[in-house]
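**Q** In my numbering, the protein residues as written are 4 to 56.
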Amino acid sequence: MKNQLQEIKDKYRLKQEEYKEAVERHEFLEQIRIKEELESLRVEWNQLMKNTG
């Protein structure tokens, strides 16, 4: 379970970095896509936390 949480955390950090880069390039459609992926990772994280608690 902790491996899954760490994996999600790592993916989230990478997506945050991708988002920053997209903002710098003014890639609005990419920003939207990345925000959706970040939200999906948040939901997955919350679900795992709920299942472990």
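C-beta atoms are modelled at their ideal positions from N, C-alpha and C, and glycine is treated no differently.
On a predicted model such as this, the values are computed, not experimentally measured, just so you know.
Closest to Tyr15 by C-alpha separation, out of Glu33, Ala25, Arg36 and Arg45, would be which residue?
**A** Position 12 of the sequence shown, counted from the first residue, corresponds to residue 15. The option with the nearest alpha carbon to Tyr15 is Arg45.
**Q** Would you say Lys23 and Glu40 are within 7 Å of each other, going by their C-beta atoms?
**A** Walking along the sequence shown from the start, residue 23 turns up at place 20. Walking along the sequence shown from the start, residue 40 turns up at place 37. No, the pair does not count as a contact, with Cβ atoms beyond the cut-off.
**Q** What three-state label does DSSP hand Met52 in the structure shown?
**A** Against the sequence shown, residue 52 aligns to sequence position 49. Helix.
**Q** Any chance you could list the alpha helix (DSSP H) runs of at least 4 consecutive residues sitting entirely within the region 4-43, in chain order?
**A** With a minimum length of 4 residues, the continuous alpha helix (DSSP H) runs that stay inside the region 4-43 are 5-28.
**Q** Which word fits Ile37, buried or exposed, when buried means at least 16 other C-beta atoms lie within 10 angstroms of its C-beta?
**A** Translated into the one-based positions of the sequence shown, residue 37 becomes position 34. Per the 10 Å Cβ criterion, buried.
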